[in-house]
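What follows is one structure encoded as structure tokens, with my remarks underneath.
Numbering (the working numbering), first residue to last: 39 to 249.
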């Protein structure tokens, strides 16, 4: 059994959270009153890590409860979830190293810290190439994600990675063939920013025909 696997999954009400804050905005548009339900969340950073010598992308795999629950029919999401019928693999995502902006530090510093914590690689802020900033979850938050790119070597792997505190993260290396396979075929376990990052990588760095 993998340390990423989950059990005893239950759904309960959310009283308050330090990560998401729901609220309502009221406005007038076209002379008519309107409203929209939103959530306030942290901005985030994401880093594309490329080991050029071994020609692979260093990514992370982790359990995402939202992905897991939305893989289960709504009628069967009440109270306790049957993890034998709906295994943890439904919520295991492949992503680039990423993290929320919850400290009063530069985006580059936060990105460097996340790379070390999640993957064990130590990179310099100056090595980070900014790819782009874009809006995520535009229907409920419109938060900003800033993506970076950097190249790494095996010698920069100075600690195990896997996250901090209660995080459970598995470091995954994707070959070019595996990365292209993800782009070419629909997958329910990769986020849209991961697909965007792959497309950017194959267009600007490892210029391969993927379609």
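Backbone N, C-alpha and C fix where the C-beta goes; we use that ideal spot for every residue, glycine too. Model, not experiment: these values are computed from the prediction.
Anticipated Cβ contact below 8 Å, residue 156 with residue 98, distance rounded: Counting from 1 along the chain shown, the entry for residue 156 is found at position 118. Counting from 1 along the chain shown, the entry for residue 98 is found at position 60. With 8 Å as the limit, residue 156 and residue 98 qualify as a contact, their Cβ atoms being about 5 Å apart.
Give, in chain order, every unbroken run of the beta strand (DSSP E) that is at least 3 residues long and sits entirely within the stretch 73 to 150. 82 to 89, 94 to 101, 130 to 133 and 135 to 138
Counting Cβ pairs closer than 8 Å, one from the stretch 78 to 86 and one from the stretch 172 to 191, do we hit at least three? yes
Considering residue 187, what are the terminal residues of the beta strand (DSSP E) in which it resides? Numbered from 1 along the chain shown, position 149 holds the residue referred to as residue 187. It spans 181 to 190 - the beta strand (DSSP E) in which residue 187 sits, taken as one unbroken run.
Going by Cα to Cα distance, which pick from 74, 239, 171 and 109 is closest to residue 189? Here residue 189 is taken as the residue at index 151 of the chain shown, counted from 1. The shortest C-alpha separation from residue 189 is found at 239.
Considering only the beta carbon of each residue, do residue 42 and residue 130 sit closer than 8 Å? Taking the first residue of the chain shown as position 1, residue 42 is located at position 4. Taking the first residue of the chain shown as position 1, residue 130 is located at position 92. Cβ atoms of residue 42 and residue 130: closer than 8 Å.
Which class does residue 169 belong to by DSSP, given the choice of helix, strand or coil? Within the chain shown, numbered from 1, the residue matching residue 169 stands at position 131. Reduced to three states, the DSSP call for residue 169 is strand.
Cβ of residue 212 within 8 Å of any chain D Cβ: The question asks about chain D, but that chain is absent: this structure has only one protein chain.
In chain order, what residues of the same chain lie with their CB nearer than 7 Å to the CB of residue 141, ignoring the 5 residues before and after it? For this step, residue 141 is matched to residue 103 along the chain shown. These residues qualify, in order along the chain: 148.
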